[in-house]
Amino acid sequence: MDIDALRSFLAFIETGSFTRAAKQVHRTQAAVSMQMKKLEEDVGKCLFEKQGRLLTLSQDGRQFSHYAKQLLQLHDETLQTMRHSASNTLLRLGCPDDYADNLLPELIKLLHAQFYNLDLRITCLPSFKIKQLLDAGDLDLGLITRSPDSEEGQLIYQDKGVWVYNPEHTAHLKSPLPIAVFQPDCRFHQGAIEGLMKAKIPFQVVASCSSLAALLGLVKQGVAIGAIANISTADYSVLSNAELPTLPGANVALIRSQSLRNPISQEIYEQLSQTMRTFSVN
113 MDIDALRSFL AFIETGSFTR AAKQVHRTQA AVSMQMKKLE EDVGKCLFEK
163 QGRLLTLSQD GRQFSHYAKQ LLQLHDETLQ TMRHSASNTL LRLGCPDDYA
213 DNLLPELIKL LHAQFYNLDL RITCLPSFKI KQLLDAGDLD LGLITRSPDS
263 EEGQLIYQDK GVWVYNPEHT AHLKSPLPIA VFQPDCRFHQ GAIEGLMKAK
313 IPFQVVASCS SLAALLGLVK QGVAIGAIAN ISTADYSVLS NAELPTLPGA
363 NVALIRSQSL RNPISQEIYE QLSQTMRTFS VN
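Under my numbering, think of the first position of the sequence shown as 113, with each following residue one higher.
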């Protein structure tokens, strides 16, 4: 019986649809549908039934769900136990630069508490690149930003974009307004530019930065104001929404690679997510 198919089956139970389940396990909806058909062939039962337009578990599906959870838990525990017996555990973790000095240290403490001898490799990249590496099996775990309506991974923090400036300089008073933003794939990049254009505020993009340190360096020296995540504001002053357009919200999620070699079991993943939520979400 395919372990990945069991994960997809349990994702359907958790989310209530193949579409959302596919997002959670990082597969296409068609791939998940094929997994479910094969799973039904393996058990010799129809696991799903339609109630109007809704697809739900059949009676056999509900019965099978209990065994599926046990099978998956036993599988993950077996791998986890065997890997704990090794001299060290290699864990490859990805994180966007803007969460590297706030959420990341908390996650690292939890990981070291979970693994006795942890060989932790951290890669700081934009969220879309982290997701690509997770899909390729080149990362085991990642912190990513996602839109508020997305269901990727496990939500651990609800954030928003803000405008920051250095009150010792006059960048925020200039016209055109000098702004520093992240790369175009960042929600705050697009939100900043579209918001200023809609408000008809003249502006100049001084730089599109791949690093938070570079962006905040421009703000600190008064070269520009910055559009960043609220959690990253630190000692910088924030401009009010009355002065500049409101920036979009962004949720931070913990996401796990589905690779069979992943040292993070589903159980550990859920424990980490829950613990991060208890002290992270406002």
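Ideal Cβ positions, reconstructed from N, Cα and C, are used throughout, including at glycine. Treat the numbers as computed from the prediction; the structure is a model and nothing was measured.
- Message: Suppose only complete runs of 4+ residues qualify. What are the alpha helix (DSSP H) ranges in the stretch 318-371, listed by chain order?
- Response: For the stretch 318-371, whole alpha helix (DSSP H) runs of length 4 or above, ordered along the chain, are 324-332.
- Task: Using a threshold of 8 Å, state whether the C-beta atoms of residue 116 and residue 136 are closer than that.
- Result: Looking up residue 116 in the sequence shown gives position 4. Looking up residue 136 in the sequence shown gives position 24. Remark: C-beta atoms of residue 116 and residue 136 do not approach each other more closely than 8 Å.
- Going straight from the alpha carbon of residue 194 to that of residue 232, what length do you get? The count along the sequence shown starts at 1 and reaches residue 194 at position 82. The count along the sequence shown starts at 1 and reaches residue 232 at position 120. In this structure, the CA atom of residue 194 is about 18 Å from the CA atom of residue 232.
- Query: In chain order, what residues of the same chain lie with their CB nearer than 6 Å to the CB of residue 293, ignoring the 5 residues before and after it?
  - Reply: Translated into the one-based positions of the sequence shown, residue 293 becomes position 181. Same-chain partners within the cutoff: 301, 304, 320, 339.
- Query: DSSP state of residue 157, grouped into three classes?
  - Reply: Here residue 157 refers to the residue found at position 45 of the sequence shown. DSSP places residue 157 outside both helix and strand once states are collapsed to three, so it counts as coil.
- DSSP state of residue 244, grouped into three classes? Locating residue 244 in the sequence shown gives position 132, where the first residue counts as 1. Residue 244 falls in the helix class under three-state DSSP.
- Give the DSSP-derived three-state secondary structure of residue 382 in the structure shown. Residue numbering aside, residue 382 sits at position 270 when the sequence shown is read from its first letter. DSSP places residue 382 in helix when its eight states are reduced to three.
- Message: So for residue 231, helix, strand or coil by DSSP?
- Response: By 1-based counting over the sequence shown, the position of residue 231 is 119. Strand, per DSSP.
- Going by the CB atoms, is the gap between residue 324 and residue 209 shorter than 8 Å? Here residue 209 refers to the residue found at position 97 of the sequence shown. Here residue 324 refers to the residue found at position 212 of the sequence shown. When the beta-carbon positions are compared, residue 209 and residue 324 come within less than 8 Å of each other.
- State the DSSP-derived secondary structure class of residue 203, mapped to helix, strand or coil. Numbered from 1 along the sequence shown, position 91 holds the residue referred to as residue 203. Reduced to three states, the DSSP call for residue 203 is strand.
- Query: Between the stretch 370-383 and the stretch 270-288, do at least 3 Cβ pairs fall closer than 8 Å?
  - Reply: Taking 8 Å as the limit for Cβ pairs, the verdict is that the stretch 270-288 does not touch the stretch 370-383.
- Item | C-alpha gap between residue 271 and residue 212, whole angstroms | Locating residue 271 in the sequence shown gives position 159, counting from the first residue. Locating residue 212 in the sequence shown gives position 100, counting from the first residue. If I take the Cα positions, the gap works out to 15 Å.
- Message: Three Cβ pairs or more, each shorter than 8 Å: is that satisfied between the stretch 375-388 and the stretch 220-239?
- Response: As far as the Cβ criterion goes, the stretch 375-388 touches the stretch 220-239, which means the pair count is three or higher.
- Message: Using the Cβ count rule (16 or more neighbours within 10 Å means buried), how would you classify residue 314?
- Response: Stepping through the sequence shown from its first residue, residue 314 is reached at position 202. By the 10 Å Cβ count, residue 314 comes out exposed.
- Which of helix, strand or coil DSSP assigns to residue 252: What you label residue 252 is simply residue 140 of the sequence shown in a count that begins at 1. Three-state DSSP puts residue 252 in coil, outside helix and strand.
- Alpha carbon to alpha carbon, how far is residue 156 from residue 362? Give it in angstroms, no decimals. Walking along the sequence shown from the start, residue 362 turns up at place 250. Walking along the sequence shown from the start, residue 156 turns up at place 44. One C-alpha to the other measures close to 43 Å.
- Backbone CA spacing between residue 280 and residue 357 [nearest angstrom]: Indexing the sequence shown from 1 puts residue 280 at position 168. Indexing the sequence shown from 1 puts residue 357 at position 245. Take the alpha-carbon of residue 280 and the one of residue 357: they are about 22 Å apart.
- Message: Taking 8 Å as the cut-off, does the stretch 231-249 touch the stretch 176-186 (at least 3 CB pairs, one atom from each stretch)?
- Response: Short answer: they don't touch.
- Query: Going by Cα to Cα distance, which pick from 190, 128, 359 is closest to residue 310?
  - Reply: Numbered from its first residue, the sequence shown carries residue 310 at position 198. In terms of CA proximity to residue 310, 359 leads the group 190, 128, 359.
- Query: residue 335 and residue 318: beta carbons closer than 8 Å?
  - Reply: Mapped onto the sequence shown, residue 335 falls at position 223. Mapped onto the sequence shown, residue 318 falls at position 206. Result yes, Cβ atoms of residue 335 and residue 318 sit closer than 8 Å.
- If you run the structure through DSSP and keep just helix, strand and coil, what is residue 303? As a first step, residue 303 must be located in the sequence shown, where it is residue number 191. Three-state DSSP puts residue 303 in a helix.
- Task: Specify the secondary structure class of residue 163 as computed by DSSP and reduced to three states.
- Result: Here the question's residue 163 lines up with position 51 in the sequence shown. Three-state result, residue 163: strand.
- Task: Output the distance between the C-alpha atoms of residue 287 and residue 243, rounded to the nearest integer angstrom.
- Result: If you number the sequence shown from 1, residue 287 lands on position 175. If you number the sequence shown from 1, residue 243 lands on position 131. Each residue's alpha carbon lies about 38 Å from the other.
- Item | Beta-carbon proximity list for residue 113, same chain, < 6 Å, skipping 5 on both sides | As a working note, residue 113 is residue 1 in the sequence shown. Counting only Cβ-Cβ distances below 6 Å, and skipping sequence neighbours, we find 154.
- Task: Indicate the three-state DSSP secondary structure (helix, strand or coil) for residue 393 in the structure shown.
- Result: Looking up residue 393 in the sequence shown gives position 281. Legend: pLDDT at residue 393 = 43, less than 50; position of this residue unreliable, value from coordinates given subsequently. When secondary structure is reduced to three states using DSSP, residue 393 falls in the coil class, being assigned neither helix nor strand.
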